[in-house]
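What follows is one structure encoded as structure tokens, with my remarks underneath.
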Amino acid sequence: MSLLQGIGFLIGGFVVAAVIGMFAHWFDRKITARVQWRVGPPFFQPLYDFVKLLAKEVVVPEGGSRFLFLAAPLFGLASVTVVSALMLRTVIFPGETFVGDLIVVIYLLTIPSQAVILGAFASANPLASLGGSREMKLILSYELPFLLVILVPVIKAGATIKMGSIIEYQATSGAAIGSLSGVIAFVIGLLCMQAKLAKVPFDAPEAETEIMAGAYIEYSGAALGLFKLTQWMMMFAVPFFLMMLFIGAVNWQQSWLNVVFAVLIYIGILLFITLVRNTNPRLRIDQIMKFFWAKMTPLAILAVILAFLGL
Amino acid sequence: MATKSKTQIIPIGPYHPLQEEPEFFKLHVEGEKVVKLEIELGYNHRGIEKLAEGLTYDQIPFLVERICGICSSSHPFASVNAMEDIADVDVPLRAKYIRTFIGELERIHSHLLWLGLAGHFLGYNTVWMWAWKQREPVLDLFELITGNRNHYAMFKPGGVRRDVADEDIPTAMRLLESLEKPVMMFTKIALQDPVLQARLKNVGVLTKEDCVELGALGPTSRASGVPWDVRHDHPYAAYGMVDWDVIVTQNGDVFDKAVVRLLETFESVKICVQCLEKLREVKDGIDAELKEIPPGEGVGHHEAPRGEVFHYARSDGTNRPIRYKVRAPSFMNVPTNHRAVVGYTVSDATITLAAIDPCYCCTERMLVVDANSGKQVMGWKDLLRLSQEKTHRLMEKYNSRMDRIWT
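Chains as they are written, first to last, in the working numbering: chain A, 8 to 318; chain B, 11 to 417.
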């Protein structure tokens, strides 16, 4: 792969993730509004919000670390861009990926959360640091079941840590979700995704009525805009990652109906996120930890064992 | 260094998305756990009591109505009770039923409002929007009967200002019936949703002893097993003539406070329906034509949605009171936070602070106290003198302009 091709994929990944992410954000807000007897925002509202934020003044809090404060949103945005580019390339050329790209994607997917923590602690604000510490606990909670969940398709595909191989395996011998262990793992994966995206009931790090958006409290202008954009792009990246691992490639070469099918699945996942967040109150951070460690992790281990047994 | 405190202060207020009014809670936290709470009020003082002394008895219900937008019939209710206590006048039965009807309608809308806010504080915005949507018919009913969605201006010493027309009664009945289904749905959600229970049960517990000691009122005390309700203990208006129950639960946590409010809504609907039935038969006028208030003093109570509101008036025989005193329920309920919030986490604190359904604009007092000795530095007279001095300073400063305005 030439350098030019790489840059092309990066830009493509960014644009695709940003556009789909903005759509996902609009979809989330619109469905939420309809559930709550409201009208909801116009289609281009996320774009308006983002452009407007870019033009606003960035206020850096006194006493905070200026470099970290401004760099944190960039870390998050950069990593989610790379993830999107990697996944897009995998889907288009499943045969050309490198060994261990799965590890890279898992690693990069946690960086936006870590960027939030960095930004929070660079803000020199007690509410932000509370939000940062909650985000840290949230990562600790969902990361273990999330890794176990990813193990299931890895085992199914013959212990490969190459995303391309997982996709190719599923193209020939059926999707990972078509088995018992796959179903269990996928459901847990959806819940971990809810936590990764910090949506209710797992939005303790932001909790606007408790700690006033927590980590984001001191952010304004373009820095806040980049954080928001990262969040929206994560609404593309994480569901897409799960779809790749459990449902497999979009066989667009075979029939264009497969593309429609994939889009419908993606919208279904978005609908799941939105409905869960609208039918639950926010959990306390200790309850979130208990939920993931005491309930989801054993279930995920069960799924892994089932996958070993070939179920 | 070993004894260095690890506590940090989490401020809630003076302007905070949690509550719509200016108030300030300093949560001293260790990690997420609240170890101490400081309450600072006083951002909203308006001198209502002093203003009342400058108004006639006919004007005072309008003034006290504006103490709070949510309990905007509770204060006039207690106020006219106090005036009628001085005058020792018999209010017509029809006026009593109308008063009771308005008072209970207000409880319905206030409890639904609280339910929505509680949902919002828990991050459950769907409950917020739904509860407020279901509250709309109540406000429509208010508008139909009184002409206003809020600040109904229904109460006057000796009666009520507007009659309930017979042709409005069927509509009112229909609107009240339409409430039952959504409120039942909310009650079921509250009683059955495991996630909601995880957040609310055994959180912000206020024991019976604490309630008695701190004098907590209304749903706050009734959720802790203290069956205080002025409507029942000291019936006024038509409360002694209709059939209803005092809702009491025992646990004192936020969950029980929500349950008390939800079940009270059903009782209020029951009372409203009975009042409307009676209004079809009882036609003895709506005004006792109270012409003057004799010298003396009077006390008025009303069980507002948040607890007992208390008004006191002293008359010297003129058309204005020489002393007027208001005590809103939040004044008693806000200090219970010292017991209910400490020991729980920051996440619990937000819903617990809101669980007493606080109303700060009703509560504000002003007094200057020396923080070290605890002695009162400035009392009523000093504050009055200060404000007069300030007016004089202003007059000097804008002398020419003031003269022009006043002459």
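Here a beta-carbon is modelled for each residue, glycine too, at the ideal position from N, C-alpha and C.
All values reported here derive from a predicted model rather than from experimental measurement.
For this session: Going by DSSP, name the residue or residues bridged to B:A323.
Result: Taking the first residue of the second sequence as 1, we reach residue 323 of chain B at position 313. According to DSSP, B:A323 bridges with B:G308, B:Y334.
For this session: Verify the CB distance criterion: does B:A141 have a CB-CB separation below 8 Å to chain A?
Result: Against the second sequence, residue 141 of chain B aligns to sequence position 131. No - not a single Cβ of chain A is within 8 Å of the one on B:A141.
Exercise. So what does DSSP say about A:S9, is it helix, strand or coil?
Worked result: Taking the first sequence and counting its residues from 1, one reaches residue 9 of chain A at position 2. Three-state DSSP puts A:S9 in coil, outside helix and strand.
For this session: Measuring only between beta-carbons, confirm whether B:Q18 sits less than 8 Å from chain A.
Result: Counting from 1 along the second sequence, the entry for residue 18 of chain B is found at position 8. Chain A contact via Cβ: present.
Exercise. What is the C-beta distance between B:N329 and B:T66, in whole angstroms, given that I count them as a contact (C-beta under 8 Å)?
Worked result: Start at 1 with the first residue of the second sequence, and residue 329 of chain B comes out as number 319. Start at 1 with the first residue of the second sequence, and residue 66 of chain B comes out as number 56. Right, the Cβ-Cβ distance comes to about 5 Å (below 8 Å), so this counts as a contact.
Problem set entry | Exposed unless 16 or more other CB atoms sit within 10 angstroms - verdict on B:S357 | Residue numbering aside, residue 357 of chain B sits at position 347 when the second sequence is read from its first letter. So B:S357 counts as buried.
Exercise. Going along chain A in order, which residues have a C-beta closer than 8 Å to the C-beta of B:R145?
Worked result: Against the second sequence, residue 145 of chain B aligns to sequence position 135. Ordered by position in chain A, no residue passes the 8 Å Cβ test against B:R145, which lies about 12 Å from the chain.
Problem set entry | 8 Å Cβ cutoff, A:I292 in contact with chain B | What you label residue 292 of chain A is simply residue 285 of the first sequence in a count that begins at 1. So yes, A:I292 belongs to the interface.
Problem set entry | Three or more C-beta pairs below 8 Å linking the stretch 79-99 of chain A and the stretch 240-247 of chain A | yes
Exercise. Looking at C-alpha atoms only, which residue of A:L278, A:N285, A:Y226, A:L318 is the closest neighbour of A:L75?
Worked result: Mapped onto the first sequence, residue 75 of chain A falls at position 68. For A:L75, the nearest C-alpha among the options comes from A:Y226.
Problem set entry | Cβ of B:L151 within 8 Å of any chain A Cβ | Sequence index remark: in the second sequence, residue 151 of chain B carries index 141 (1-based). So no, B:L151 is outside the interface.
Problem set entry | Which of helix, strand or coil DSSP assigns to B:Q18 | Reading the second sequence from its first residue, position 8 is the one you call residue 18 of chain B. Three-state result, B:Q18: strand.
For this session: Could you tell me if B:L37 is buried or exposed, where buried requires 16 or more neighbouring beta carbons within 10 angstroms of its beta carbon?
Result: As a first step, residue 37 of chain B must be located in the second sequence, where it is residue number 27. Buried.
Exercise. When burial is assigned at 16 or more other CB atoms within 10 Å of the CB, is B:H244 buried or exposed?
Worked result: As a first step, residue 244 of chain B is located in the second sequence; it is residue number 234 there, counting from the start. Answer is exposed; the Cβ neighbour count stays below 16.
Exercise. Since A:Q201 meets chain B, which of its residues come closer than 8 Å, beta carbon to beta carbon?
Worked result: By 1-based counting over the first sequence, the position of residue 201 of chain A is 194. Ordered by position in chain B, no residue passes the 8 Å Cβ test against A:Q201, which lies about 13 Å from the chain.
Exercise. Between B:G126 and A:V111, what straight-line distance do the alpha-carbon atoms span, to the nearest angstrom?
Worked result: Position 116 of the second sequence, counted from the start, is the residue given in the question as residue 126 of chain B. Position 104 of the first sequence, counted from the start, is the residue given in the question as residue 111 of chain A. When rounded, the distance between both Cα atoms is 44 Å.
Exercise. Looking only at its own chain, which residues have a Cβ that is under 6 Å from the Cβ of A:K63, when we skip the five neighbours before and after it?
Worked result: Translated into positions along the first sequence, residue 63 of chain A becomes position 56. Hits under 6 Å: G228.
Exercise. Going by Cα to Cα distance, which pick from B:H161, B:G306, B:K166 is closest to B:S325?
Worked result: Reading the second sequence from its first residue, position 315 is the one you call residue 325 of chain B. With distances taken between Cα atoms, B:S325 lies closest to B:G306.
Problem set entry | Those runs of the alpha helix (DSSP H) which lie wholly inside the stretch 88-139 of chain B and span at least 4 residues | 103-131
For this session: Would you grab the beta carbon distance between A:S72 and A:A129 for me? Rounded to a whole angstrom, and I think it's under 8 Å.
Result: Sequence index remark: in the first sequence, residue 72 of chain A carries index 65 (1-based). Sequence index remark: in the first sequence, residue 129 of chain A carries index 122 (1-based). About 4 Å; that satisfies the 8 Å criterion.
Exercise. What residues from chain A crowd round B:V205, counting only those whose CB sits closer than 8 Å?
Worked result: Taking the first residue of the second sequence as 1, we reach residue 205 of chain B at position 195. P208, N287, P288, L290, listed in chain order.
Exercise. Mind pulling the chain B residues with CB within less than 7 Å of A:V42?
Worked result: By one-based count along the first sequence, residue 42 of chain A stands at place 35. Ordered by position in chain B, the residues that pass the 7 Å Cβ test against A:V42 are T136.
Exercise. Touch check for the stretch 137-147 of chain B and the stretch 333-345 of chain B: three-plus C-beta pairs under 8 Å?
Worked result: no
Problem set entry | Nearest-angstrom Cα separation, counted from B:E40 out to B:T13 | Numbered from its first residue, the second sequence carries residue 13 of chain B at position 3. Numbered from its first residue, the second sequence carries residue 40 of chain B at position 30. With a pLDDT of only 47 at B:T13, under the threshold of 50, the placement of this residue in the model should not be trusted; the figure read from the coordinates follows. Distance between the alpha carbons of B:T13 and B:E40: 14 Å.
Exercise. If you draw a straight line from the alpha carbon of A:A314 to that of A:S180, how long is it in whole angstroms?
Worked result: Numbered from 1 along the first sequence, position 307 holds the residue referred to as residue 314 of chain A. Numbered from 1 along the first sequence, position 173 holds the residue referred to as residue 180 of chain A. Approximately 15 Å, taken between the alpha carbons.
Exercise. Between A:A133 and chain B, is there a C-beta pair that is closer than 8 Å?
Worked result: On the first sequence, residue 133 of chain A is found 126 positions in, with the first residue counted as 1. According to the sequence as given, residue 133 of chain A is Pro; it is not Ala. Yes - at least one Cβ of chain B is within 8 Å of the one on A:P133.
For this session: Spatial neighbours of B:A247 within its chain, please: CB distance less than 6 Å, with the 5 preceding and 5 following residues excluded, ordered by chain position.
Result: What you label residue 247 of chain B is simply residue 237 of the second sequence in a count that begins at 1. K106, R109, T110, listed in sequence order.
For this session: Please report how far the alpha carbon of A:P53 lies from the alpha carbon of A:W33, in whole angstroms.
Result: Sequence index remark: in the first sequence, residue 53 of chain A carries index 46 (1-based). Sequence index remark: in the first sequence, residue 33 of chain A carries index 26 (1-based). Computed Cα separation, rounded: 6 Å.
Exercise. On the premise that B:R209 lies in contact with B:L154, defined as a C-beta separation below 8 Å, what is that separation, rounded to the nearest angstrom?
Worked result: As a working mapping, residue 154 of chain B is identified with position 144 in the second sequence. As a working mapping, residue 209 of chain B is identified with position 199 in the second sequence. So it is not a contact: roughly 37 Å between Cβ atoms.
Problem set entry | Cβ-based burial, A:M219 [other Cβ within 10 Å; buried from 16] | Position 212 of the first sequence, counting from 1, holds the residue named residue 219 of chain A. When all chains shown are included, A:M219 counts as buried.
For this session: Tell me whether A:F253 is buried or exposed, calling it buried when 16 or more other Cβ atoms sit within 10 Å of its Cβ.
Result: In the first sequence, counting from the first residue as 1, residue 253 of chain A sits at position 246. Buried is the call here.
Exercise. Can you tell which of B:E291, B:K46, B:K391 has its C-alpha closest to the C-alpha of B:V352?
Worked result: To locate residue 352 of chain B, count along the second sequence from 1; it is residue 342. Comparing Cα-Cα distances from B:V352 to each of B:E291, B:K46, B:K391, the minimum goes to B:K46.
Exercise. Under three-state DSSP, which class holds B:T230?
Worked result: As a working mapping, residue 230 of chain B is identified with position 220 in the second sequence. Three-state DSSP puts B:T230 in a helix.
For this session: Report yes if the CB atom of B:D294 is closer than 8 Å to the CB atom of B:R104, and no otherwise.
Result: Working through the second sequence from its first residue, we reach residue 294 of chain B at position 284. Working through the second sequence from its first residue, we reach residue 104 of chain B at position 94. It is a contact, given that the beta carbons lie within the stated cut-off.
For this session: For chain A, find out if any of its Cβ atoms is closer than 8 Å to the Cβ of B:T259; answer yes or no.
Result: The residue given as residue 259 of chain B occupies position 249 in the second sequence. No, B:T259 does not count as interfacial toward chain A.
Exercise. Whole alpha helix (DSSP H) runs in the stretch 139-202 of chain B with 4 or more residues, listed along the chain?
Worked result: 178-202
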